[in-house]
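Visitor: Structure provided below as structure tokens; questions to follow.
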Amino acid sequence: GDNNIWVDGGSTFASLQVYGAIQQALPIVRAHAKYFWGSETTRRAAVSPVIKFLRDAGIDENTVAESSGLLVHAFSNGGALNETTLARAIADTLPPSTNTSAIPAQAIIYDSLPGVQNLRVTLLAFTAAIRSPVFRTLAKVLLGVLYTLGTAWKYFENFVLGPKEDLVTKLHRELNEPKLLPQHIPRTYIYSDADELIPAESVERHAKKAKELTSRDTGVVNLVKFQGSPHVAHARQDPKRYWDTVAQTWEASTRK
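Number 30 in UniProt numbering belongs to position 30 of the sequence shown; there are no gaps in the numbering.
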């Protein structure tokens with residue numbers, strides 16, 4: 001049978017209910033806010049059960065992506081971060097001579113990702129769930145101070161030790177890294193013109209880069225833009241279009 005991994009960036013429970021109603025028996029790997037501030041060790045520990053799930057399903061370094069039966073459906077930057085962390089953890093266990101990708105997905109759906117890293121987006125992302133206006137304002141002030149201090153420290157660190165990739169820049173690069181994820185399988189970006197956390201331009205830039213890297217395979221990378229739907233809420237706005245897109249991506253993978 002087919003296997004599905006859903007890697008979620010901390011969607012609301014209501015959003016997950018919509019997805020869960022469609023497919024009941026999926027492993028869902030969630031990324032909570034603290035996941036972004038955690039160490040690589042902490043992140044890897046969070047995704048380690050998925051490695052066992054894949055191995056139990058018979059998916060390993062000998063699995064061919066194009067016929068693996070594995071669909072990866074990632075939501076937001078947090079879901080993508082889970083995905084790349086999992087891929088790095090698996091890649092470290094593979095023999096150096098391995099030519100297959102760490103996660104041999106047959107098809108990939110990227111919902112509301114990848115985004116950018118700036119103060120406005122950070123404040124929105126980490127305070128959206130706070131209902132009290134007073135506490136939300138206080139949280140924004142505190143986060144703003146921490147973000148400014150963190151940015152100043154990074155500039156100092158880069159000046160002393162040399163340039164270092166930030167988390168989001170690294171994420172953008174790793175999503176297009178063949179050793180981690182297969183690049184010549186159907187990949188669909190689902191996004192919106194009204195997403196306050198993930199600008200449409202960021203998604204489109206990443207898809208353009210992916211297309212350039214897979215120039216010999218036309219039609220592999222697809223963009224599906226929704227109008228007016230909030231962050232990771234595209235399935236709620238237009239369920240038929242959303243799930244038709246998912247189905248079409250999977251069907252395209254079976255024709256290769």
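Built from N, CA and C at the ideal position, the CB exists for glycine as well.
1) Let's see if you can read the secondary structure: which residues bound the alpha helix (DSSP H) around A200?
2) Can you check whether the CB of A247 is closer than 8 Å to the CB of L181?
3) Locate the alpha helix (DSSP H) running through L81, then write down its first and last residues.
4) DSSP three-state label for H234, please.
5) Quick one: Cα of residue 282 to Cα of T85, how far?
6) For D193, which residues in the same chain have their Cβ closer than 8 Å to its Cβ, ignoring the five residues on either side in sequence?
7) Any idea if S132 is buried or exposed, counting beta-carbon neighbours within 10 angstroms, 16 or more meaning buried?
8) Quick check on I190: does DSSP put it in helix, strand or coil?
9) Taking only the alpha-carbon atoms, compute the straight-line gap between T127 and V168 and give it to the nearest angstrom.
10) Over what stretch of residues does the beta strand (DSSP E) that includes K154 continue unbroken?
11) Quick check: what's the CA-CA separation for W250 versus L70?
12) With V72 and E61 assumed to form a contact (beta carbons below 8 Å), what rounded beta-carbon distance in angstroms separates them?
13) I'd like to check one pair, L197 with V121: are the Cβ atoms closer than 8 Å?
14) Mind reading off the beta-carbon distance from P114 to L171? Whole number of angstroms is fine, and I expect it under 8 Å.
15) Quickly, what does DSSP pair N222 with across the bridge? List them, please.
16) Between the Cα of S101 and the Cα atoms of Y147, L124, S39, S68, which residue gives the shortest distance?
17) Tell me, which residues are paired with D244 by DSSP?
18) With respect to the alpha helix (DSSP H) encompassing D56, which residues constitute its N-terminal and C-terminal limits?
19) Got a sec? Which residues, its chain only, sit under 6 Å from D244 by beta carbon, not counting five neighbours each side?
20) Please report how far the alpha carbon of A252 lies from the alpha carbon of N158, in whole angstroms.
21) Could you check the C-alpha separation between E110 and T98 for me, to the nearest Å?
22) In chain order, what residues of the same chain have a beta carbon less than 7 Å from the beta carbon of A207, not counting five sequence neighbours either side?
23) What's the gap between the Cα of S112 and the Cα of A233?
24) Can you tell me whether E66 is helix, strand or coil according to DSSP?
Guide: Taking the structure as given:
1) In the DSSP assignment, A200 falls within the alpha helix (DSSP H) that extends over 200-213.
2) Judged by beta-carbon spacing, A247 lies beyond the 8 Å limit of L181, meaning their Cβ atoms are not closer than that value.
3) L81: member of the alpha helix (DSSP H) spanning 76-91, first to last residue.
4) In this structure, H234 counts as helix in the three-state DSSP scheme.
5) Residue 282 lies beyond the residue range present for the chain, which begins at 1 and ends at 256; the question has no answer from this structure.
6) Closer than 8 Å at Cβ, skipping near neighbours: A200, K225, F226, Q227, G228.
7) Exposed, since its Cβ has fewer than 16 Cβ neighbours within 10 Å.
8) I190: strand per DSSP, three-state reduction.
9) Looking at the two C-alpha atoms, the distance is approximately 19 Å.
10) Per DSSP, K154 lies in no beta strand (DSSP E) segment; the continuous alpha helix (DSSP H) that holds it begins and ends at 133-161.
11) Taking the straight line from one Cα to the other gives about 10 Å.
12) Not a contact, Cβ separation roughly 17 Å.
13) Yes, Cβ-Cβ distance for V121 and L197 is below 8 Å.
14) Right, their Cβ atoms sit about 6 Å apart.
15) T188, per the DSSP bridge assignment.
16) Residue S68 is the option with its Cα nearest to S101.
17) Answer by DSSP bridge pairing: none, since D244 is not bridged.
18) Taken as a continuous stretch (DSSP letters only), the alpha helix (DSSP H) holding D56 covers 40-56.
19) Here the set comprises nothing.
20) Spanning the two alpha carbons is a distance of roughly 44 Å.
21) The sequence as given places Tyr at residue 110; Glu does not occur at that position. Rounded to the nearest angstrom, the two C-alpha atoms are 26 Å apart.
22) Same-chain partners within the cutoff: Y189, V221, L223.
23) If you draw a straight line from the Cα of S112 to the Cα of A233, it comes to about 9 Å.
24) Note: E66 maps to helix in three-state DSSP.
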